[in-house]
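First residue of the sequence shown: 45, per my numbering; consecutive thereafter.
The C-beta atom is built at its ideal place from N, Cα and C for all residues, glycine as well.
Just so you know, these numbers come straight off a predicted model, no measurement behind them.
See below for the structure under consideration.
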Amino acid sequence: MPDLVIDGRRTDLGGGFAVNRILPFRTRRMVGPFIFLDHAGPLDLPPPARRKADVRPHPHIGLSTVSYLFSGRMTHRDSLGVTQEIAPGAVNWMTAGRGIAHSERFDGAADGDPPMEAVQSWVALPEAAEESAPAFDTYPADTLPVAEEAGTWLRVIAGAAFGLSSPVRTHSPLFYAHARLRTGAATGLPEGHEERAAFIAHGTAEVDGQPFTAGQLLVFAAHEAPTIRATTDATVMLLGGAPLGERFIWWNFVSSRRDRIEQAKADWTEGRIALPPHDRDEWVPLPPDHRKKPPAAEPLS
């Protein structure tokens, strides 16, 4: 049985773009190095509304963003000069390191495209990599390993799972996989990882006879060997890995040091984190901090 079940919370990003936010959660802030998990869409907007839903240039430090689409498309632009269309099934892995800014826009979407639906996660960096040079890597869907058996289709997005290894470059031990289960089909979780979870994106499933539904994250203890069985056709994201220790988070900034968060705030406000060269006419300003007392960033562990 799961140690913890987390229900997603609807969060409005503005412009008609709402997401189901899974992590961080008040009683479980991380699963392995995964520090953030959003399920967005399906988002079907007419052309005039797409501009309002664009995610304008904003900064990150101390993490990698992982954008993974089920359908639709978006365009990524970052301060390294990268412009990349985000396609379904591909992995777009942006490592912020000491600082990067990026945007995700719908300007490449065309009439007739299927609605955009995606899972975006943030993977915290180990301390030795927190101040690394920023980088962006993309891996087309056909470069990622896939297995099919008895009604279960599975793609390993990152790390190693079930005898498959992804080519995606990571900074700490982890696994991340996309599974599609026909009604009655089942999957387990990879062994050998201290922290593991399964997010039900679509459909319903059960574990030891207990039912679960779309929008729930099931967090399991290291010693558990759960079987996740679909009670309808289901899409499940499997994730976890080695914990990294305490992290602080504020807005889009993650660090093992509280003072580094404060530095990132100043860097963005004073223009020391460059804007994307192909998307520099607007940006998201630093939000106000309404908390009356420190900490200025919350510790996550």
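*Taking only the alpha-carbon atoms, compute the straight-line gap between Leu288 and Gln307 and give it to the nearest angstrom.*
22 Å
*Tell me Trp137's beta-bridge partners as DSSP assigns them.*
Val110, Asp181
*asked:* I want to check one thing, is the minimum distance from the CB of Ile50 to the heavy atoms of the ligand SAM below 8 Å?
replied: For the structure depicted, the ligand SAM is absent and the ligand set is empty, with no information on it obtainable.
*For Arg224, which residues from the same chain have a beta carbon less than 6 Å from its beta carbon, with the 5 sequence-adjacent residues on both sides left out?*
Correct list, in chain order: Trp197, Thr279.
_Inside the stretch 295 to 333 only - alpha helix (DSSP H) runs reaching at least 4 residues_ = 302 to 313
*Which residues does DSSP pair with His246 in a beta bridge?*
Thr279
*At which residues does the beta strand (DSSP E) containing Thr119 begin and terminate?*
118 to 122
*For the beta strand (DSSP E) containing Arg213, list its first residue and its last residue.*
Unbroken run through Arg213: none, as it is neither H nor E.
*asked:* Buried or exposed, going by whether 16 or more other CB atoms sit within 10 Å of the CB of Ala310?
replied: exposed
_Local conformation of Asp252 per DSSP, three classes_ = coil
_Span separating the alpha-carbon of Phe256 from that of Ala245_ = Each residue's Cα considered, the two are about 11 Å apart.
*For Ala286, collect the residues of the same chain with a Cβ closer than 8 Å to its Cβ; drop the 5 residues on either side in sequence, then sort them by chain order.*
The answer, listed in chain order, is Gly76, Pro77, Ser216, Pro217, Leu218, His237, Glu238, Glu239.
*When the Cα atoms are used, what is the spatial distance from Pro184 to Thr71?*
Straight-line Cα distance between these residues: approximately 35 Å.
*What separation, rounded to the nearest whole angstrom, lies between the Cα atoms of Phe292 and Arg301?*
7 Å
_Excluding the 5 residues flanking Glu175 on each side, which residues of the same chain have their C-beta closer than 8 Å to its C-beta?_
Gly141, Arg142
*Between the CA atoms of Val110 and Ala162 - distance to the nearest angstrom*: C-alpha separation (whole angstroms): 10 Å.
*Among residues of its own chain, excluding the 5 on either side of Pro320, which ones have a beta-carbon nearer than 7 Å to its beta-carbon?*
Pro101, Arg121, Asp122, Ser123, Ala145, His146, Ser147
*Starting from Thr271, follow its DSSP beta bridges and name the residues at the other end.*
Looking at the DSSP assignment, Thr271 forms no beta bridge with any residue, so it has no partner.
*Asp82 bridges to which residues according to DSSP?*
Asp82 pairs with Arg65, Gln164.
*State the DSSP-derived secondary structure class of Glu174, mapped to helix, strand or coil.*
coil
*Who are the near neighbours of Trp327 in its chain, counting only those whose CB is closer than 8 Å to its CB and skipping five residues on each side?*
Arg100, Pro101, His102, Ala145, Leu319
_Rounded C-alpha distance that separates Ala265 from Met45_ = Rounded to the nearest whole angstrom, the CA to CA distance from Ala265 to Met45 is 9 Å.
*Proximity winner among Glu192, Phe297, Ala204, relative to Gly104 (alpha-carbon distances)*: For the record, residue 104 in the displayed sequence is His; it is not Gly. Ranking the options by Cα distance to His104, first place goes to Phe297.
*Excluding the five sequence neighbours on either side, which residues of its own chain have a C-beta within less than 7 Å of the C-beta of Ala241, listed in chain order?*
Val75, Leu261, Leu262, Val263, Phe264, Leu283, Gly284
_Gly156 classed as buried or exposed, judged by whether at least 16 other C-beta atoms fall within 10 angstroms_ = exposed
*Less than 8 Å between the CB atoms is what I'm expecting for Gly85 and Met160, so what's the real figure, rounded?*
5 Å
*With 16 as the cutoff for other CB atoms within 10 Å, does Ser209 come out buried or exposed?*
exposed
*Give the straight-line distance between the Cα atoms of Ala340 and Glu290, rounded to the nearest whole angstrom.*
Note that Ala340 has pLDDT 47, beneath the 50 cutoff, so the model's placement of it is unreliable and no number is given.
_N-terminal and C-terminal residue of the beta strand (DSSP E) that Thr187 is part of_ = Thr187 -> no beta strand (DSSP E), and no H or E assigned at all.
*For Val63, which residues from the same chain have a beta carbon less than 7 Å from its beta carbon, with the 5 sequence-adjacent residues on both sides left out?*
Thr55, Leu57, Asp82, His83, Ala84
*Among residues of its own chain, excluding the 5 on either side of Gly247, which ones have a beta-carbon nearer than 7 Å to its beta-carbon?*
Taking C-beta separations shorter than 7 Å and ignoring five residues to either side along the sequence, the partners of Gly247 in its chain run Ala258, Ala274, Thr276, Asp277, Ala278, Thr279, following chain order.
*Indicate whether Ala269 and Gly228 have their beta-carbon atoms separated by less than 9 Å.*
No, these two residues do not count as a Cβ contact at 9 Å.
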